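Residues 493 to 929, numbered by our numbering, are exactly what the sequence shown covers, in order. Glycine included, each C-beta is placed from N, C-alpha and C at the ideal position. No experiment lies behind these values; they were computed from the predicted model shown.
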Amino acid sequence: MSDQPDIRPAEGRLGVLLPGFGAVGTTVVAGVEAARRGIARPIGSLTQLNTIRLGKRTEGRTPLIKDFLPLSELDDLVFGAWDPIPDDGYESALEAGVLERHHLDAMEDFLRSVKPMPAVFDKEYVRRLDGPNVKSGANKFELAQQLRDDIRRFRDENDCDRLVMIWCGSTEIFLRVGSAHETLESFEAAMKADDPAIAPSMIYAYAAIMEGVPYANGAPNLSADVPALEQAADERGVPLAGKDFKTGQTLMKTILAPGFKARMLGIDGWFSTNILGNRDGAVLDDPDSFKTKEESKLSVLEHILQPDMYPELYGQLYHKVRINYYPPRGDNKEGWDNIDIVGWMGYKMQVKVDFLCRDSILAAPIVLDLALFLDLAGRAGWGGIQEWLSFYFKSPQTAPGLYPEHDLFIQHRKLKNTLRYLGGEEPLTHLGLEYYE
Ligand SMILES: NC(=O)c1ccc[n+]([C@@H]2O[C@H](COP(=O)([O-])OP(=O)(O)OC[C@H]3O[C@@H](n4cnc5c(N)ncnc54)[C@H](O)[C@@H]3O)[C@@H](O)[C@H]2O)c1
Numbered sequence: 493m494s495d496q497p498d499i500r501p502a503e504g505r506l507g508v509l510l511p512g513f514g515a516v517g518t519t520v521v522a523g524v525e526a527a528r529r530g531i532a533r534p535i536g537s538l539t540q541l542n543t544i545r546l547g548k549r550t551e552g553r554t555p556l557i558k559d560f561l562p563l564s565e566l567d568d569l570v571f572g573a574w575d576p577i578p579d580d581g582y583e584s585a586l587e588a589g590v591l592e593r594h595h596l597d598a599m600e601d602f603l604r605s606v607k608p609m610p611a612v613f614d615k616e617y618v619r620r621l622d623g624p625n626v627k628s629g630a631n632k633f634e635l636a637q638q639l640r641d642d643i644r645r646f647r648d649e650n651d652c653d654r655l656v657m658i659w660c661g662s663t664e665i666f667l668r669v670g671s672a673h674e675t676l677e678s679f680e681a682a683m684k685a686d687d688p689a690i691a692p693s694m695i696y697a698y699a700a701i702m703e704g705v706p707y708a709n710g711a712p713n714l715s716a717d718v719p720a721l722e723q724a725a726d727e728r729g730v731p732l733a734g735k736d737f738k739t740g741q742t743l744m745k746t747i748l749a750p751g752f753k754a755r756m757l758g759i760d761g762w763f764s765t766n767i768l769g770n771r772d773g774a775v776l777d778d779p780d781s782f783k784t785k786e787e788s789k790l791s792v793l794e795h796i797l798q799p800d801m802y803p804e805l806y807g808q809l810y811h812k813v814r815i816n817y818y819p820p821r822g823d824n825k826e827g828w829d830n831i832d833i834v835g836w837m838g839y840k841m842q843v844k845v846d847f848l849c850r851d852s853i854l855a856a857p858i859v860l861d862l863a864l865f866l867d868l869a870g871r872a873g874w875g876g877i878q879e880w881l882s883f884y885f886k887s888p889q890t891a892p893g894l895y896p897e898h899d900l901f902i903q904h905r906k907l908k909n910t911l912r913y914l915g916g917e918e919p920l921t922h923l924g925l926e927y928y929e
């Protein structure tokens, strides 16, 4: 295709910076190293395992995505992190309890070499946590400058050609977009005035954007999802994506709901409850952090089912989501869904899902794919919100005025077609090139 963007080659090292080095952060770093050493496979990662069909089915062209597009190699990734808890990668992974000891011990030296930098942290925004590895500064603007210094130092010390930043930090308390977030000027003034409207995750996002570093937010808190930062990213050509990694129960929801809707089956109610016992679960036990997560989880069904268009099928849907902190399960969450569906002549049926889930095992490949795809977007010169990465998020960040797409299959098609476009190939549709992956 003639208007295909010029993509700079993926030469040199790519620094992956993680604010938040807990269960998800350490599981990504350990998994990438395990893949590099041939100890374990990066299962769940599209960039590593998925093929992409090109042209007509009869052409038989289905390369791996990573052979079709110039993505960074796993060997070229180097990791950095910030966390208020000073544990290195080995200690933090042990504490998180996601990976088994034999995996961690096999990579102990490497994991210990990743030590979190002092964080921009404020207990006011994550009340169930505390830690000593924290920066101090006159105000939030000065803290942002310290983060920018960290970013530059990391780039130099690790000889990185490019960087990306992915928020793997805790879920912050619920905040609404306000006047402080409207423009870059108001945002910077608010940082200088230590305005409570500026949460730590926003300070990281600001620092990343100002340093030209693509940024993704894996948690549901606002972070870069405010006009000031979206505009700044747009103007500076910095790719942005968010929010809230799509794992566990919401992943199941966005797989099942489009199926019921495709068959025009009604849904009266969807009750979801979870038990989980990791640090994330402890943070979400605070009602204000839970509210941030709840908003993110609840919006999914409404957008997929379009009750305004199908009031008799979905107009009465009762949707409830609960998260219960239950320490004995650690990171191994159990999620139950009860779905009351309605069929022919109004006859009722029930679907029960019991998902014995390992959340961070589902989140880690998302972090890797986002790192590689955001870097690709940056090298293609694409700034601002990358809606084609909605596939990875519970609350996809969209350009102002657009509604988010939640249906996993539509998101998947958009992701793959964007990759085809980046590689100079025709998109697949059900008309011209007969859609079939
Ligand atoms: N595990 C999943 O599958 C999943 C899915 C979707 C979203 N998320 C979100 O991803 C985030 C990480 O999840 P997790 O399971 O790794 O949680 P975790 O509690 O194990 O790790 C989060 C880490 O972030 C650190 N942190 C908190 N505030 C920080 C700050 N201001 N700067 C730097 N570090 C900070 C904490 O000290 C902690 O070590 C959470 O917000 C969670 O809601 C996780």
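Can you look up Q741 in the DSSP assignment and give me helix, strand or coil?
helix
Three-state class that DSSP yields for F571 in the structure shown
strand
When you measure from the CB of T739 to every non-hydrogen atom of ligand 1, does any distance come out below 7 Å?
Checking every heavy atom of ligand 1 against the Cβ of T739, one is found closer than 7 Å.
Between D568, Q842, D760 and D641, which has its C-alpha nearest L797's C-alpha?
D760
Under three-state DSSP, which class holds H594?
helix
Kindly list the residues whose CB is nearer than 7 Å to the CB of A872, restricted to its own chain and excluding five residues on each side of it in sequence; keep chain order.
Same-chain partners within the cutoff: P497, I499 and L914.
Proximity of F885 and G734 at Cβ, strictly below 8 Å:
yes
8 Å CB neighbourhood of E804 in its chain, flanking five on each side removed:
Same-chain partners within the cutoff: G758.
Using a Cβ-based criterion (distance less than 7 Å to any ligand heavy atom), does I535 qualify as near ligand 1?
no
Whole-number beta carbon distance between T784 and F666, since they are thought to touch under 8 Å
4 Å
Limits of the beta strand (DSSP E) - the one that D498 falls within:
Here D498 belongs to no beta strand (DSSP E), and DSSP marks it neither H nor E.
Proximity of A588 and A527 at Cβ, strictly below 8 Å:
Contact: no.
Anyone know if the C-beta pair for V813 and W828 falls short of 8 Å?
no
beta-carbon T663 near ligand 1 non-hydrogen atom, thresh 7 Å:
yes
Just to confirm, is the Cβ distance from I695 to A672 under 8 Å?
In this structure, the beta-carbon distance from I695 to A672 does not fall below 8 Å.
Locate the beta strand (DSSP E) running through Q842, then write down its first and last residues.
K840 to R850
Drop a sphere of 10 angstroms on the beta-carbon of V669, count the other beta-carbons inside from all chains shown, and report buried for 16 or more, exposed for fewer.
exposed
Taking only three categories from DSSP, how would you classify R813?
It should be noted that the sequence gives Val, not Arg, for residue 813. It is a strand residue.
Is the segment 603–613 close to the segment 570–589, with three or more CB pairs under 8 Å?
yes
Inter-residue Cα distance where the pair is W946 and D861
This structure does not reach residue 946, given that the chain is present from 493 up to 929, and the question cannot be answered.
Would you identify the three-state DSSP class for Y927, choosing helix, strand or coil?
For Y927, the predicted structure reports a pLDDT of 49, less than 50, and the residue's modelled location is therefore unreliable. A value from the coordinates is still provided. Coil, per DSSP.
Suppose you measure from the CA of H811 to the CA of T765; what does that come to, to the nearest Å?
11 Å
Residues in its own chain within less than 7 Å of P919 by CB, not counting five upstream and five downstream?
For P919, where only same-chain residues beyond five positions count, the Cβ hits under 7 Å are N909, R912 and Y913.
Given this structure, state the Cα-to-Cα distance separating F763 from A749, to the nearest angstrom.
13 Å
May I ask you to verify whether the segment 730–747 touches the segment 852–859, counting CB pairs closer than 8 Å and requiring at least 3?
With the cut-off at 8 Å, the segment 730–747 and the segment 852–859 touch.
Determine the contact status of L907 and W880, defining contact as a CB-CB distance below 8 Å.
yes
Taking the Cβ atom as the reference point for each residue, do A630 and P576 lie within a distance shorter than 8 Å?
no
Under 7 Å Cβ to Cβ from R647, same chain only, skipping five residues before and after it: list those, please.
For R647, same chain residues with a beta-carbon under 7 Å away, outside a window of 5 residues either side, are G507 and L655 in chain order.
Would you say I577 touches ligand 3, meaning its beta carbon is less than 7 Å from a heavy atom?
Ligands displayed in this structure: ligand 1; ligand 3 is not among them.
Classification of K825 by the beta-carbon crowding that lies within 10 angstroms, buried from 16 upward
buried
Where Q842 falls, given that 16 or more other Cβ within 10 Å makes a residue buried
exposed
Closest residue to L539 among E525, R640 and L868 (Cα-Cα distance):
Checking the sequence, you will find Thr at residue 539 rather than Leu. Among E525, R640 and L868, the Cα nearest to that of T539 is on L868.
Please return the same chain residues whose Cβ sits closer than 8 Å to the Cβ of I557, not counting the five positions on each side in sequence.
Cβ neighbours of I557 beyond the five flanking positions: L538, T539, N542, T543, I544, L563 and L911.
With a CB to CB cut of under 8 Å and the five nearest residues on each side skipped, what residues in its chain are close to Y927?
Below a pLDDT of 50, predicted positions are generally treated as unreliable, and Y927, at 49, falls in that range; the measurement from the model is reported next regardless. Taking Y927 as the centre and dropping the five residues before and after it, the same chain places the C-beta of R905, L920 and T921 closer than 8 Å to its C-beta, in chain order.
Regarding W574 and ligand 1, is the C-beta to nearest heavy atom distance less than 7 Å?
Yes.
Cβ of P578 within 8 Å of any chain C Cβ
Judged by its chain identifiers, the structure shown contains no chain C, having just a single protein chain.
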